[in-house]
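Take 1 as the starting number for the sequence shown in my numbering and just add one per residue. Ideal Cβ positions, reconstructed from N, Cα and C, are used throughout, including at glycine. One structure is given below, encoded as structure tokens.
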Amino acid sequence: MEPITPYNTTESKKEQVAQMFDNIAFRYDFLNSLLSLGIHKGWRRKCIKRIASKNPKYILDVATGTADFAIEAITLSPVSVIGIDISEGMMKFGREKITKLSLDKKITLKYGDAETCDLPSNSMDAITIGFGVRNFENLEKGLTNILRILKPGGQLCILEFSSPRKFPVKQFYNFHFKYITPTLGKLFSKDTRAYTYLPESIKAFPDNERFTAILQKVGYKNASFSPVGMGLASIYLAEK
Ligand SMILES: C[S@@+](CC[C@H](N)C(=O)[O-])C[C@H]1O[C@@H](n2cnc3c(N)ncnc32)[C@H](O)[C@@H]1O
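Next up, the structure:
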């Protein structure tokens, strides 16, 4: 099956994804809050609570975008948080938020591809990924490289959209993604494709049991998932 890509051009999925996020970066935070009515903030908070018990000191936020997860991770009082992303456009807005919060000494954002970045092996106590894995060009390659970077016993926490299966959430979700998301997305972001790619990429994503199976397959231990938002998203936890 052909991978779902933002623009269906001859460029790689990675190039198209970076371009799409560069295009919508200026409206990303606003649209996130508008389309989810702010629910996404509580989900990130839940994720961070799940990795709190091990007191992680060195945290990596992969696909950091505008840095919401990296900023939330500060509540764990880490020594440092590094955020990596392939969209400089998204990180520009992230850096502005970090500076406004006077967190420049704690959080560093830098260009990095989950699949190929060469951060040292066994260097991170915890790694977070918010709404990023669905956009990877090669999911297993990305997860394998992230496993390499994680310390033995370290935790991976992933937040990702799922396809809801139950009435009435499924029906509400279908209506929202068919009519509301593309209309508001196009109106505010000026990118006609980004907010139709979103539901398509969620539909194609191997969520819940299928995703924990992939985590186990590439070498993570104790992979588990718990749905949030009545099945709109899931939190995945796994260890090295
Ligand atoms: C939906 S945004 C999520 C941003 C942020 N994590 C959040 O929770 O709001 C997805 C981000 O994943 C990034 N991304 C996609 N593929 C990537 C990869 N292979 N390596 C690093 N970042 C990637 C995109 O550039 C984009 O900024």
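Are the C-beta of residue i and some C-beta of chain C separated by less than 8 Å?
i      : result
PRO164 : Here there is only one protein chain, and chain C is not present.
Specify the secondary structure class of residue i as computed by DSSP and reduced to three states.
i      : result
LYS41  : helix
VAL17  : helix
LYS105 : coil
ALA194 : helix
LYS57  : coil
VAL133 : helix
SER12  : coil
GLU160 : strand
LYS186 : helix
ASP22  : helix
Quick one: Cα of residue i to Cα of residue j, how far?
i      : j      : result
LYS92  : THR66  : 7 Å
GLU140 : LYS97  : 31 Å
PRO227 : PHE161 : 9 Å
SER102 : LEU109 : 14 Å
GLU137 : LYS14  : 6 Å
LEU159 : ARG50  : 11 Å
ILE129 : ALA52  : 15 Å
GLN155 : MET124 : 9 Å
LYS54  : GLY142 : 24 Å
With a threshold of 7 Å (Cβ to nearest heavy atom), would residue i be considered close to ligand 1?
i      : result
MET90  : yes
LEU126 : It is worth fixing the name first, because residue 126 is Ala in this sequence and not Leu. No.
ASP207 : no
GLU2   : no
SER242 : Outside the shown range of the chain, which is 1 to 240, sits residue 242, and nothing can be said about it.
ASP68  : yes
ILE86  : yes
THR64  : yes
ALA194 : no
### Query
Per the contact definition of three or more C-beta pairs closer than 8 Å, is the stretch 143-156 in contact with the stretch 173-182?
no
### Task
Flag this pair as touching only if the stretch 3-10 and the stretch 194-206 have three or more C-beta atom pairs under 8 Å; answer yes or no.
yes
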